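Below is one structure, written out as structure tokens, with a few remarks after it.
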């Protein structure tokens with residue numbers, strides 16, 4: 008099922024981004040990325056989640072899915088280090 012649903016999700020997300028940008032709607036990307044290479048700033052909930060305890064960081068930045076990536080200088084990009092975007096970013 009994932010082999011068909013994931014490509015459809017990517018396609019739909021690309022369409023959504025294209026429509027938002029065409030209509031001058033602000034696009035905001037939040038993504039998992041530690042602020043330090045050793046992930047000492049990552050929240051406890053991520054540290055307890057196994058694979059999420061070692062996030063991309065400054066020396067190994069987050070990689071986005073092809074076609075679903077921020078437009079540098081246009082989109083707002085907020086790395087987050089906890090489950091809630093409101094706890095670990097400046098988004099209000």
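Numbering (my numbering), first residue to last: 8 to 99. Even glycine gets a Cβ: it sits at the ideal position worked out from N, Cα and C. Keep in mind it's a predicted model, so treat the numbers as computed, not measured.
Simplified DSSP assignment, three categories, for residue i
i: residue 35; result: strand
i: residue 47; result: coil
i: residue 98; result: coil
i: residue 57; result: helix
i: residue 92; result: helix
Per DSSP, cross-strand counterpart(s) of residue i
i: residue 67; result: 64
i: residue 17; result: Residue 17 pairs with nothing; no bridge assigned.
i: residue 87; result: 39
Chain-order list of residues whose beta-carbon lies under 8 Å from that of residue i (same chain, five-residue window excluded)
i: residue 74; result: 17, 21
Euclidean distance between Cα positions of residue i and residue j
i: residue 71; j: residue 65; result: 15 Å
i: residue 39; j: residue 62; result: 7 Å
i: residue 100; j: residue 24; result: Lying outside 8 to 99, the shown extent of the chain, residue 100 is not represented and no answer is given.
i: residue 58; j: residue 19; result: 27 Å
i: residue 81; j: residue 10; result: 32 Å
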